[in-house]
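Protein chains in written order, with my numbering: chain A, 1 to 447; chain B, 448 to 1320.
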Amino acid sequence: MLSILGPNSRCCDGISRRGFMKIGGLSFGAGGFTLADLMRAEAASGKGSSHKAVINIFLGGGPPHQDMWEIKTDAPSEVRGEFKPIKTNVPGIEICEVFPQLAARMDQAAVIRSVVGCAGGHDAFQCLTGWNNKDLKSIGGRPAIGSAVSKLFGPVDASVPPNIGLAKPTKHVPWSDSGHPGFLGAAYTPFKPDGPGMKNMTLNGITIERLNDRRNLLSSLDSMRRDIDISGAMAGMDVFGQRALDVLTSSKLLDALDLSKEDPKTVERYGDGKPYQYQYDGAPTCNEQLLMARRLIEAGVRVVSLSYGRWDSHSANFDLVRDHGGKLDQCLSALIDDLEQRGMLDDVTIVVWGEFGRTPKINDKAGRDHWNKVSCAYLAGGGMRTGQAIGATNRLGEEAAERPVHMQEVMATLYHNLGIDTATVTIPDPTGRPQYLVDHEPIRELI
Amino acid sequence: MDIVFTMNVKSRKQLVLPVMRRRFFRDWTRRHSGAMRRISLLGAFFLTLGLSGAGLTKVWAADAEAELRESSAVVDSPVMPTLRFDNVKSKHGFTLSGLDARLQLVVSMQLPGQLCSDVTHQVTYRVDHPAVVRVSDGMLIPLQDGEATITAEHANGMSVDLQVRVENTGNEAAISFPGRVVPIFTKLGCNGGGCHGKLAGQNGFKLSLLGFEPREDYEHLVRESRGRRLSPASPDQSLLLQKSVNTSPHGGGKRLDLDSHEYRILSRWISQGMPYGSDDEPQVVSIEVMPEHRRLSAESSQQLSVMATYSDGRVEDVTRAAVYESNDSEMADCNEKGLVHLKDLVGDVAVMARYQGHVTVFRADIPVSGSTITEDAFPEHPENPVDRHVFAKLHSLGIGLSPVCDDATFLRRVTLDLAGRAPNALEIVEFQKDTSPNKREQVIDRLLASEDHAEFFAGKWNTILRNRRTGGALRFANVAFHQWIKEGITENKPYDQFVREIITASGSAASHPPVVWYQQVTDTNQRIEDAAQLFLGQRIQCARCHHHPYEKWSQADYAQLSAFFTTVSKKTGRDPLEPLVFAKLGGASARHPKTGQTLKPAGLDAQEVAIGAQDDPRTHFADWMTDPSNPFFARALANRYWKHFMGRGLVEPEDDLRVTNPPSNPELLDGLANSFIESGYDLKALSRLIVTSRCYQSASDASPENIGDKRSYSRYYPKRLQAEVLLDSIDRLTLSPTKFAGMPAGIRAVALPDTGFSSYFLTVFGRPESTTACECERSQEANLSQSLHLLNSEEIQSKLAGDQGRAARLAADTKRSDEDKIRELYSIAFSRDPDDRELKATLTYVAAKENQREAFEDVLWSLINSKEFLFNH
């Protein structure tokens, strides 16, 4: 059952959404896992081995595709903008000058210059699910990748949620979305470190001594036979009850979120992204979150989603990109180095993208407006064939001229890197209909 | 049923068995093994029996096909050992016509005192004329015209013969595209929803889902990019074949071997110039799996055979072309060759076989091996029909029945299941004191008449009828509909009337509250899909876009069903927030999405309905649904209620009553449905029938005889309290009611008018959001967040430590003894007295603590976190 790569031709057969004998959970969702599987998975994922994971960095507002990974040097000045391309360590690939450190690591990444299929919404929905937010809305909508993976794989470690959203609340709410569980139901909502579940991880109103007294009393009273329950819920509650008590005495999750436990030199390499500029109603350029993401994945998280900066550059586009880009250059290259050093880079896929691109023509406030005909994405790690630039826009950066890559292809690549075959794996929706995770295939150039 | 065997005796030892009687077998099996009953003898017609050692004895069966069919394949076991071919029905053997014909052999062995076993892949096959036919992997492959005898020999010396005739190997018939080629695409998964079968196709090549539209497939394959996909001059160069064997890069990888039957058929079809075939060529009219039903031992396997009957009467083996799927992969799985592997669980399992839009099911019962359970293990002459059917099933599987649960457990269980709460102190005392023999029945009647029952069941229906606020605040309409449902349950409105009033609702929420269903479920498709799933247990939505892959429903069936709803309309009433729902006058009809043909309303598997010009078509829909002869309506409800009380539906999921998803106890489901119809669709009577049964009142504790049972109801399966009931129980135990915005103080969570009230507790324990008609939205799964919340949340801690809470009150009460206080806690939490050990542990704990209030908080905490509190058991 741990392997979900096999052919799955189920169709309209109505397996219950949360079939029995499964242990799942709010933000710890482990649907699809029997207790025995859970134990096996945990045993198998002992020290030293690394699990597949994704860090989804959302550039809320829509980064200007022509000022990131493909500088339109042939375009007239009202389109071209201020930036010059710089060489990277991969011959023939040039990217924007604000990313010198990423340029020096181009061999470990791939840029897609021709992302298409943007719905045009000013939200993270497509970058989290691959779908339009209207799709399947009547039954709850499409689940985000983190929720789907929680459903399919469950937790790596029962005390650490498999799906975490780090996005801090933003005034423009859709930019702080960490992914909705959609038709999978609330049990697969990403865990948020500022959410109500977080407070339950530290003792509420009692001392550790008293908790231990309570535990002892409970264990002397709680004597019901567990094996009489056919649903597995009793045994599941025992396992999670034990993990919960472990969390209260020493939490891997809290430790992962606590950057004071990290080597200060490492923290410094990521930078702090301060002062936060151009933030308005969007996310801060919180560099530490990338470090936190790495720590969380080391602790057993499968998908970390975060929102980095506010790229909605209707004015002062170039100053904004200089600020945000420079900071991103620092923390993203630190993240790549860290994963590389720890031998995790082949297992962890980093994706950096936004909801759409920006207008070719620079407006009178030196800004660029919304442009959903084409956009861009940056991918690293995940065992992909990196050192590539895929696709191209036309001379003015208006549309994909070569190799249009649909947003769903990017999402399919993430699923693929997590070990999920999107051509065969389905999740039944509440009506019993098997739903494929995405309709497109992974980017063939990368896998 | 009697079977007359004609004897063809060759040996010195003659088996005298002119008439075999059921009673005889029963006596025999009782003597030998309690578990050895009702052994399948399906298709034992062309039967040759060899007894080696004792010499060869051949027993020829008369062609008793009709009789055996009638017996639905489960008959008593014979006393003598037999080896037989299972799937050949004629005494003249089997005829293979043409080189493409195949016959999957199925050989079964029956030894005295043992279950029938499949030995298809254990026996050795000998062919007397090897030039005519050969056997490969248990499959007959014709070589040239002629006749041959196949002998299957078991290592124990038994053997059996099969006569085979091969003809028409000389004429190469034109290969039909819909008849031969499309099934290959289905079998290989080419036209699956993840590949070329999806709406947009895959990489420019599109096929209809599961091949339901062969004409379209033919167009795409033959007419589009002609010369590239198919090359008659050089078939092997065709892209179709190169992709299938992956010599040309194929996203789907290699699907076929060059040296395979399927490859050769495709190749020959191309070389023939890709004939489509004619529209009047014989169609598959039915398929049959053999065996159909069998008792098998755990961890054994069973080869299936699937035969298709065509409209011209021809019967063809399609075992390798059919697609298989087990309805429970924990019990069994089935490979592409139709070989079923059973796992180590006891119970029943079904494997679906599908070919050309037809579906059928193989069912296996897996009894406990070596069980000593006899009829004596069950109460004699059970009055309740539920018990008769459950006991029969348990007996047949050799599973023991748990004893009756004690009174305290019964009271808590039935109060939780009927009223959504634990019994209160008064109820517990009164029940203890009551000495009347029918006191359990009396409690049941009292609970069924209570308001708590109406509130609890109103919540259940409210959720699946999707009564939920849209946007921010609770609306009048939500409250009105909830109230209407509750009143219906209070007055025990017949279920047919309840459904009719919803389906035919017109007017405003104020005048007729069930119109809210139409306001919540807004489009015609969603309405018909919800109605079918809710009231008929049919998931018709598949057939909106394509033929239902696991049912017989076509797109025309879907359109005709939806036609009943096509005249429903909305207009603004006096209050703009409360639109009026009504049915427009005029002919109800729907267009077939493919043919564009206008279709009149019709129920599933029912005749078109003539609807008068002034009629509301929905009335006819309600008439059809609630007619006692409707095969879905009563069964769907019976299964839904059974699951509510018994924790597991006879069909799972409870609203998916497909032919390919058979009930675990069909007689019981029929019995429940029939008595529900006979009672005039009386919901309380159905609840009463179930909870008064011995089966419902079994202890949840397991014995070695039934610990492995997960689906035959040998004991009561514990259920975790659902979110609302659990919160109410904690509130009552701690004396700290939860407040819900805008609701009167002290309202129970189960009585809330919708599921939109903000509560982390309810969310984390799986309260549904009421966005679908599926009960599956409610999650009963365990997770870490729940454990953390129960063990360590501010919410629970504040309930434990509240100044008005129970711990504070108990600590402040200096008049009562600690023992008395502990007894009170046990009574409220578990509906029982503590035993000596528990009393001692808690008293010691309380005595050792200086702070009495904290001591009682800790005891309460321990009770809340124990399984006995969290589960109905």
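Backbone N, C-alpha and C define an ideal beta-carbon position, used for all residues, glycine too. Keep in mind it's a predicted model, so treat the numbers as computed, not measured.
Three-state secondary structure assigned by DSSP to residue 763/B:
Strand, per DSSP.
Closer than 8 Å to chain A by CB, residue 1317/B
Using beta-carbon distances, residue 1317/B counts as an interface residue toward chain A, with a partner under 8 Å.
DSSP-derived helix/strand/coil call for residue 1160/B
Coil, per DSSP.
Flag this pair as yes or no: are the beta carbons of residue 613/B and residue 530/B separated by less than 8 Å?
Against a cut-off of 8 Å, the Cβ pair of residue 530/B and residue 613/B comes out as no contact.
Do the region 248 to 262 of chain A and the region 1246 to 1253 of chain B make contact, defined as three or more Cβ pairs closer than 8 Å?
At 8 Å Cβ cutoff, the stretches do not touch.
Segment limits, beta strand (DSSP E) that includes residue 381/A
Residues 375 to 381.
Using C-beta distances below 6 Å, list every residue in its chain close to residue 834/B, excluding the 5 sequence neighbours before and after it, in chain order.
Here the set comprises 1140, 1141 and 1142.
Using the DSSP secondary-structure output, state which residues sit across from residue 1167/B in a beta bridge.
Residue 1167/B has 1318/B as its beta-bridge partners, per DSSP.
Given a threshold of 16 other Cβ atoms within 10 Å of its Cβ, counted over all protein chains shown, does residue 506/B qualify as buried or as exposed?
Confidence at residue 506/B is low in this model, with a pLDDT of 28, below 50, so the placement of that residue should be treated as unreliable; the coordinate-derived value is given next. Buried.
Determine the DSSP secondary structure at residue 158/A, reduced to helix, strand or coil.
When secondary structure is reduced to three states using DSSP, residue 158/A falls in the coil class, being assigned neither helix nor strand.
Examine chain A for any beta-carbon lying closer than 8 Å to the beta-carbon of residue 1143/B, and answer yes or no.
With 8 Å as the cut-off, residue 1143/B does not count as an interface residue toward chain A.
Based on the DSSP secondary-structure assignment, which residues constitute the bridge partners of residue 371/A?
DSSP output for residue 371/A lists 357/A as bridge partner(s).
Supposed contact pair residue 865/B and residue 1138/B - C-beta distance, whole angstroms, cut 8 Å:
So it is a contact: roughly 7 Å between Cβ atoms.
If the cut-off is 9 Å on Cβ atoms, which residues from the region 237 to 258 of chain A count as contacting chain B, listed in chain order?
Cβ contacts with chain B: 237, 238, 239, 240, 241, 242, 243, 244, 245, 247 and 248.
Three or more C-beta pairs below 8 Å linking the region 189 to 200 of chain A and the region 215 to 227 of chain A:
Result no; under three Cβ-Cβ pairs closer than 8 Å.
Using a Cβ-Cβ distance cut-off of 8 Å, determine whether residue 717/B contacts chain A.
Not an interface residue.
In the DSSP assignment, find the beta strand (DSSP E) that holds residue 593/B and state where it starts and stops.
Here the beta strand (DSSP E) through residue 593/B covers 593 to 600.
Comparing the C-beta of residue 432/A with each C-beta of chain B, is any distance below 8 Å?
Chain B contact via Cβ: present.
Does residue 873/B pass the burial test, meaning 16 or more other C-beta atoms within 10 Å, or should it be called exposed?
The residue is exposed, with fewer than 16 neighbouring Cβ atoms inside 10 Å.
Taking buried to mean at least 16 other C-beta atoms within 10 Å of its own C-beta, is residue 407/B buried or exposed?
Past the boundaries of the shown model lies residue 407/B; chain B is included only from 448 to 1320, so the question cannot be answered.
DSSP state of residue 903/B, grouped into three classes?
Here residue 903/B sits in helix by DSSP.
Would you mind giving the Cβ-Cβ distance between residue 722/B and residue 624/B, rounded to the nearest angstrom? I have them listed as a contact below 8 Å.
By a beta-carbon distance limit of 8 Å, residue 722/B contacts residue 624/B. Their separation comes to about 7 Å.
Opposing strand residues paired with residue 809/B [DSSP bridges]:
Residue 809/B pairs with 798/B.
Does DSSP classify residue 208/A as helix, strand or coil?
Here residue 208/A sits in helix by DSSP.
Would you mind telling me which residues of chain A sit closer than 9 Å to residue 703/B, beta carbon to beta carbon, in chain order?
Per Cβ cutoff of 9 Å: no residues; residue 703/B is ~14 Å from chain A at best.
Bridge-paired residues (DSSP) for residue 788/B:
Under DSSP, residue 788/B shares a beta bridge with 748/B and 780/B.
Exposed or buried, what is residue 1157/B when buried is set at 16 or more other beta-carbons lying within 10 Å of its beta-carbon?
By the 16-neighbour rule on beta-carbons within 10 angstroms, residue 1157/B is buried.
Which residues in the same chain as residue 1053/B place their Cβ atom closer than 7 Å to its Cβ, once the five residues preceding and following it in sequence are excluded?
Excluding sequence neighbours, residue 1053/B sits near 1071.
Just how far apart, CA to CA, sit residue 1061/B and residue 1011/B?
When rounded, the distance between both Cα atoms is 14 Å.
Residues near residue 1017/B by beta carbon distance below 6 Å, same chain, minus five either side:
The answer, listed in chain order, is 1026 and 1028.
What does the Cβ neighbour count give for residue 208/A, buried or exposed, with the cut at 16 atoms within 10 Å?
Counting the other CB atoms within 10 Å of its CB gives residue 208/A a total below 16, which places it among the exposed residues.
Quick one: using the 10 Å Cβ neighbour count with 16 as the cut-off for buried, is residue 1305/B buried or exposed?
Taking all protein chains in view, the Cβ of residue 1305/B is crowded by 16 or more other Cβ atoms within 10 Å, so the residue is classified as buried.
In chain order, each beta strand (DSSP E) run of at least 3 residues that lies wholly inside the region 232 to 308 of chain A
Within the region 232 to 308 of chain A, the complete beta strand (DSSP E) runs of at least 3 residues are 303 to 307.
Below 8 Å, can you find three or more Cβ-Cβ pairs linking the region 149 to 167 of chain A to the region 329 to 347 of chain A?
Using a Cβ-Cβ distance cut-off of 8 Å, the region 149 to 167 of chain A and the region 329 to 347 of chain A are not in contact, since fewer than three pairs of beta carbons, one from each stretch, lie closer than that value.
Between residue 802/B and residue 779/B, which are expected to be in contact by the criterion C-beta below 8 Å, what is the C-beta distance as a whole number of angstroms?
In fact, because the Cβ distance is near 20 Å, the residues do not count as touching under 8 Å.
What residues from chain B crowd round residue 217/A, counting only those whose CB sits closer than 9 Å?
The answer, in chain order, is 1288, 1289, 1292, 1305, 1306, 1308 and 1309.
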